[in-house]
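Residues -3 to 163 (the numbering used here) are what the sequence shown spells out, left to right. Take a look at the structure below.
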Amino acid sequence: MNFKLKQAHPHDIQIAFDLLKSASKTLEQKNISQWKYWQDPPVEKIKWVEDGFLNNEFYFIKNVNDAVMGMVRILEEDLSYWGAMNDQSKYIHSLVIDKSFSGNNLGKQVILYIEENSKKNNFQYLRLDCDASNAKLSAYYENLGYILVGQKQLPLGVYNLYQKELI
């Protein structure tokens, strides 16, 4: 599936919240509670998204017709989940594929695209996380070659931390 990553702008923030809420409802229908808080996000999660938009870290995944198929947040530092690290890494958060575009391996394609782009720009690692209770997503990341390197307790849950060496 053809796609492009387009920088999200602050005036598009509601699209991000709508994607997160929709993904939360889809997960809930599958008895996965990972993102339930996005149905009525707490202040700290709203601020987290707002900060990401202000720092130009959110990207919309768009098709050739410029329709939004999803979004992803890409950071070069992630103090909240990973703490201070002494290496060149990128971090993926909030990868969401709109349910009308799911089932086409788009999420995998986006991750592989970010991997390749990060490798070209000499980043050593690509890191991501997921709720520790989401065994299916953990297995998905492991099947993509990501290694579980730790866990992080945060106010809204325990998260598995994954990384993949790029160089």
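Just so it is clear, CB atoms sit at the ideal spot from N, CA and C, and this is done for glycine as well. The model shown is predicted, which means the values in this text are computed figures rather than measured ones.
| Asked | Found |
| --- | --- |
| Under 7 Å between the Cβ atoms of phenylalanine 54 and valine 64? | no |
| Please report the distance separating the alpha-carbon of glutamate 72 from that of tyrosine 155. | 19 Å |
| By the 10 Å Cβ neighbour count, where 16 or more other Cβ atoms means buried, how is serine 20 classified, buried or exposed? | buried |
| Check the C-beta distance from phenylalanine 181 over to serine 76 and give it rounded, since I have them as a contact under 8 Å. | Summary: the structure shown does not reach residue 181, with the chain confined to residues -3 through 163, and so no result is reported for it. |
| Examine the Cβ distances between the stretch 16 to 31 and the stretch 82 to 98 and report whether three or more of them are shorter than 8 Å. | yes |
| Need the endpoints of the beta strand (DSSP E) that phenylalanine -1 sits in, please. | Where phenylalanine -1 is concerned, there is no enclosing beta strand (DSSP E), given that its DSSP letter is neither H nor E. |
| Hey, which unbroken runs of the alpha helix (DSSP H) at 4 residues or more fall wholly within the stretch 77 to 116? | 102 to 116 |
| For alanine 80 and glycine 141, what's the separation of their Cα atoms in angstroms? | 23 Å |
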